[in-house]
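Trainee: Chains A and B, in that order, are what the protein sequence lines are.
Position in the first sequence (from 1) plus 129 gives the number in the numbering used here.
Position in the second sequence (from 1) plus 129 gives the number in the numbering used here.
Ideal Cβ positions, reconstructed from N, Cα and C, are used throughout, including at glycine.
Take a look at the following structure, please.
There are 2 protein chains.
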Amino acid sequence: MDKVFFGIDIGGTATKLGAFSAEGKLLDKWEIPTDTGEHGSRIMPNIAAEIVRYADTTENVIAAGVGVPGPVRRDGYVRRCVNLGWGGFNPARDLSAQLEGVPTFAGNDANMAAMGEYWQGGGQDARSLVFITLGTGVGGGIVLDGRVVYGSAGLGGEIGHVVVNPDEPMPCNCGQYGCLDQTASATGVVRHARRVLARRTDEPSALRALDAITARDVFDAAKAGDALAYEAVDTCMGFLGKSMAMLTNIIDPDMYIIGGGVSKAGEFLIDLVRRHYEQLATLSEQRAKIALATLGNDAGIYGAAKLAMDAVRR
Amino acid sequence: MDKVFFGIDIGGTATKLGAFSAEGKLLDKWEIPTDTGEHGSRIMPNIAAEIVRYADTTENVIAAGVGVPGPVRRDGYVRRCVNLGWGGFNPARDLSAQLEGVPTFAGNDANMAAMGEYWQGGGQDARSLVFITLGTGVGGGIVLDGRVVYGSAGLGGEIGHVVVNPDEPMPCNCGQYGCLDQTASATGVVRHARRVLARRTDEPSALRALDAITARDVFDAAKAGDALAYEAVDTCMGFLGKSMAMLTNIIDPDMYIIGGGVSKAGEFLIDLVRRHYEQLATLSEQRAKIALATLGNDAGIYGAAKLAMDAVRR
């Protein structure tokens with residue numbers, strides 16, 4: 130077989146693997162369960178076994194990249210990863226040792242997704258971008274001139290914990306009040322919708338008929354013209370636009386790429402965010418582009434593979 | 130004579146020039162007035178004349194770097210620089226043309242100062258740093274892995290316009306409310322001191338005896354134990370610490386370097402900022418170092434020279 134790169138994205142329940150050609154084409158992808166038992170000690174052996182099974186021999190593997198759901202230092206060291214049970218562990222070195230020295234590199238999963246979108250996703254035209262993923266929480270990654278911003282302790286791109294809403298009464302799990310994570314995540318959109326409904330009990334809303342509200346329900350109702358739902362999503366996306374205006378004053382990227390489950394609201398969401406962003410990003414006449422992510426859940430394996438490619442070719 | 134690099138820092142009233150050896154040693158430095166007449170059209174010819182006067186011939190000049198008080202794109206283009214009267218101008222190309230093709234590069238002045246501190250100033254031990262200059266306003270620059278973050282439109286490092294104080298009633302000149310520029314600048318410190326004095330008229334303060342209050346007065350009184358002055362500087366440096374906690378969640382630098390006139394308050398100021406920063410930077414157990422700038426007004430010429438060195442050696 131031809132030699133391949135591997136891109137791996139370790140999640141709390143499933144691990145995605147992607148085999149890429151030397152030219153960067155995704156050849157095959159599949160998932161295995163993430164076995165978090167025994168402090169996650171079986172996770173890397175399981176991945177190594179999959180790689181060898183696919184490639185027959187480690188000779189066929191040029192390099193591998195691994196995305197981890199937590200902060201990763203540039204040297205691959207993970208101080209602590211609660212979701213996987215790891216503490217004081219270097220998964221890149223561990224995998225490399227199990228693969229007879231195949232060069233292996235690791236990064237934070239959202240940073241890897243940012244790199245994936247930069248390479249073959251929504252950010253292909255950008256020289257620098259910020260990727261923001263709106264899921265249960267808000268994550269992110271920054272790519273400048275083709276390189277991921279790792280940060281000193283692996284916190285690069287943790288933009289979910291930029292403070293944007295000074296009026297937030299609930300503490301974020303990071304201890305601050307009013308983090309982007311609390312407003313632009315799926316959880317945040319639902320919380321804000323409930324608040325609007327509770328504050329304006331005299332006004333009708335399709336959301337009142339629902340037993341449990343999801344972020345998708347709120348966006349769907351807003352698109353259908355529901356005034357209270359619109360107020361909620363406009364507030365939440367306003368805070369996202371505010372965080373982006375700040376990022377423009379700090380790193381001034383060419384482009385913002387919005388991904389994650391909430392981004393399935395599509396161009397409707399992008400239009401909301403753009404309006405707020407352009408109103409607040411007052412220092413520059415040249416506004417950054419804002420676009421949807423295009424690789425979905427595969428962004429992480431793309432980015433991890435690219436990390437490995439760049440590292441062995443540099 | 131031996132061949133030299135030039136580092137130039139153009140200010141609204143004076144332009145600093147530095148001649149550096151090929152090894153990066155500052156050999157000579159001097160200033161000339163900045164002639165902003167005729168839309169700043171004499172600024173670059175005056176600089177070119179100084180360089181030729183010093184070096185005898187352009188053959189002796191390896192390369193030159195220029196710091197400009199406004200946003201500069203990576204290609205050297207300046208869309209507008211109000212202080213110098215420029216619009217749609219590329220000072221690097223212009224100077225290069227006047228110096229018979231000597232390679233010339235330009236960047237924002239605060240970004241150049243950041244690079245100077247990174248190279249030979251307070252940030253020599255850092256791999257990545259954020260430089261924050263507290264003067265009449267608040268400026269800044271970011272250096273990651275030895276490279277300045279220019280940004281798409283030249284706004285990289287404009288951290289004076291990160292919003293930190295949601296209770297600020299006055300608009301910033303950028304149109305937002307509560308920018309770091311409004312709180313941590315000399316102007317901001319004085320404004321906050323006046324507010325504290327006006328709010329607590331029943332309490333004594335050494336500041337009440339002064340006709341005009343300066344930021345230095347406020348820091349001096351705070352150091353001497355004046356409770357109201359201390360409250361003012363603690364508030365202002367608290368917002369600076371907050372902005373740094375945000376920056377740690379975005380780019381997570383190894384180090385913060387604080388410069389500018391206000392930073393003459395020294396370790397007293399650093400201690401205040403550090404306390405707030407460490408309280409708010411909750412995501413990481415590994416805190417960034419915080420230190421004073423050491424190059425003073427020369428940081429810009431150092432950084433501009435380094436920009437030119439790196440560019441011709443890459």
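(1) Determine the direct distance from the alpha carbon of A:T265 to that of A:G214, and round the result to whole angstroms.
(2) What residues in the region 193-221 of chain B have a beta carbon less than 7 Å from any beta carbon of chain A?
(3) Determine whether the beta carbon atoms of A:P198 and A:A282 lie at a separation below 8 Å.
(4) Taking A:A428 as the reference, give the member of A:S334, A:D138, A:N294 and A:E360 with the closest Cα.
(5) When the Cα atoms are used, what is the spatial distance from A:G245 to A:I271?
(6) Does the region 146-161 of chain B come within contact of the region 176-184 of chain A, defined as at least 3 CB pairs closer than 8 Å?
(7) Closest by CA to A:P232, which one among A:F149, A:G268, A:G251 and A:F135?
(8) Please state whether the Cβ-Cβ distance between A:Y406 and A:M373 is less than 8 Å.
(9) Please decide whether A:L273 counts as near chain C, where near means a Cβ-Cβ distance under 8 Å.
(10) How many Å lie between A:F218 and A:S314 at the Cα?
(11) Would the beta-carbon of A:R256 fall within 8 Å of that of A:D383?
(12) Using only alpha-carbon positions, find the residue among B:R442, B:A434, B:R443 and B:V391 that is nearest to B:D238.
(13) Does the region 380-399 of chain B come close enough to the region 388-403 of chain A to have 3 or more Cβ pairs within less than 8 Å?
(14) Quick one: is A:C303 near chain B, going by C-beta distance under 8 Å?
(15) Less than 8 Å between CB atoms is the rule here; does A:M163 satisfy it with respect to chain B?
(16) Between the Cα of A:V347 and the Cα atoms of A:L326, A:T330, A:D331 and A:E332, which residue gives the shortest distance?
(17) My understanding is that A:V267 touches A:D310, with C-beta atoms under 8 Å, so please give their C-beta distance in whole angstroms.
(18) Report the residue ranges of all alpha helix (DSSP H) runs contained in full by the region 317-372 of chain A; include only those spanning at least 4 residues, in chain order.
(19) Near B:V319, which residues of its chain fall below 6 Å by C-beta distance, leaving aside the five closest residues on each side in sequence?
(20) Cβ closer than 8 Å: which chain B residues qualify as neighbours of A:G285?
(21) So B:A192 packs on B:A440, CB below 8 Å; how close in whole Å?
(22) According to a CB-to-CB cut-off of less than 8 Å, which residues of the region 390-414 of chain A neighbour chain B?
(23) For B:A322, collect the residues of the same chain with a Cβ closer than 7 Å to its Cβ; drop the 5 residues on either side in sequence, then sort them by chain order.
(24) Using the Cβ count rule (16 or more neighbours within 10 Å means buried), how would you classify B:L339?
(25) Mind pulling the beta strand (DSSP E) runs of 3 or more residues that sit fully within the region 239-318 of chain A?
(26) The region 160-185 of chain B: which residues have C-beta closer than 9 Å to a C-beta of chain A, in chain order?
(27) Of all the options A:R324, A:G367, A:I288 and A:I386, which has the alpha carbon lying nearest to the alpha carbon of A:M299?
(28) For A:T186, count the other beta carbons within 10 Å of its own beta carbon; 16 or more makes it buried, fewer makes it exposed. Which is it?
(29) If you count every other CB in all the chains shown that lies within 10 Å of the CB of B:R202, and 16 or more means buried, which is it?
(30) Hey, does B:I387 have any beta-carbon neighbour from chain A nearer than 8 Å?
(31) For A:G199, report the span of its alpha helix (DSSP H) as first-last.
(32) Helix, strand or coil for B:D383, going by three-state DSSP, please let me know.
(33) I think B:I380 touches A:V278, with their Cβ atoms under 8 Å apart; what is that distance to the nearest whole Å?
(34) In three-state terms, what does DSSP make of B:S413?
(35) Round the Cβ separation of A:G289 and A:N240 to the nearest angstrom and send it over; I've been treating them as touching at under 8 Å.
(36) What does the alpha-carbon distance come out to for the pair A:K158 and A:G196?
Mentor: Let me spell this out:
(1) 20 Å
(2) none
(3) no
(4) A:D138
(5) 11 Å
(6) no
(7) A:F135
(8) yes
(9) Here the protein chains are A and B, and chain C is not one of them.
(10) 29 Å
(11) yes
(12) B:A434
(13) no
(14) yes
(15) A quick correction: the sequence has Thr, not Met, at residue 163 of chain A. Judged by the 8 Å Cβ criterion, A:T163 is not in contact with chain B.
(16) A:L326
(17) 4 Å
(18) 344-352
(19) I342 and A344
(20) I379, I380 and D381
(21) 7 Å
(22) L409, T411, L412, S413 and E414
(23) L336, I342, V347, A358 and A361
(24) exposed
(25) 257-263 and 267-273
(26) none
(27) A:R324
(28) exposed
(29) buried
(30) no
(31) Segment: none, A:G199 is in no alpha helix (DSSP H) and carries neither H nor E.
(32) coil
(33) 6 Å
(34) coil
(35) Rounded, the Cβ-Cβ distance is 13 Å, inconsistent with contact.
(36) 15 Å
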